[in-house]
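Notes follow once the structure below has been shown.
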Amino acid sequence: MKPAHDEIERMLARADLRYTAGRRRIVEIVAAAGRPVTTPDMLETDRSLPQSSTYRSLDVLERAGVVRRILTGGEHAYFELAEPLLDHHHHLICTSCGLVEDVALGPVVEKTVDDALHRAARRAGFEPEFHSLDLHGRCGDCTTST
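Here the numbering used here is used: the first residue of the sequence shown is 1, the next is one more, and so on.
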């Protein structure tokens, strides 16, 4: 996937931030992976990236809404491009090995979930901004290895 650099530059500018070469490289690595990746994955992909700068850049990119952090309960968080840079989707997260896989529910199921969440939010006086659903369990490899 080719990242939308112009849109990302605008997103950062709205937060009064610059789209530096290092931030651009991180976005390119995340986009090229085609799946959520950890910081060690990024550092392995491009050994010229300074570790401390990568962590700081990920924080900046997350605050600007460019990347999304996915917490798995494991040692490292995963990162992917945020919506609207990616299509809406959810995740399957393995509680044993930490694998994160994207899953799309399809338009009918997604509308049903979205409607149900909006009704629940309205009853609670809650103003929703977005939703994400992560299913935690054990992946096929971890299930068959026991």
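Just so you know, even glycine gets a beta-carbon here, dropped at the ideal spot from N, CA and C. This structure is a prediction, so every number in the text was calculated from the model and none was measured.
For Asp134, the enclosing beta strand (DSSP E) starts and ends at 134–137.
Looking at the backbone, the Cα of Arg47 and that of Ala116 are separated by about 45 Å. Short of 8 Å from the beta carbon of Thr54, and not among the five residues preceding or following it, lie these beta carbons of its own chain, in chain order: Gly22, Ile26, Thr39, Met42, Leu43.
Nearest in C-alpha terms to Gly65, of all of Asp102, Glu110, Glu9, is Glu9. Here Val30 really is in contact with Val67; their C-beta atoms are around 6 Å apart, less than 8 Å. By a beta-carbon distance limit of 8 Å, His88 does not contact Val100. Their separation comes to about 16 Å. For Gly125 against Gly98, the beta-carbon gap comes to about 36 Å, at or over 8 Å, which does not count as contact.
Under the DSSP definition of a beta bridge, Cys142 lacks any partner. For a cut-off of 8 Å, the C-beta gap from Arg69 to Phe79 is around 6 Å, short enough to register as a contact. The residues Gly65, Val66, Val67, Arg68, in chain order, have a CB closer than 7 Å to that of Ala82 in the same chain once the five nearest residues on each side in sequence are set aside. Under the DSSP assignment, His118 falls in the alpha helix (DSSP H) whose first and last residues are 107–124. When Gly106, Arg119, His136 are compared, the shortest CA-CA separation from Pro128 is found for Arg119.
In the three-state DSSP reduction, Thr72 falls in the coil class, being neither helix nor strand.
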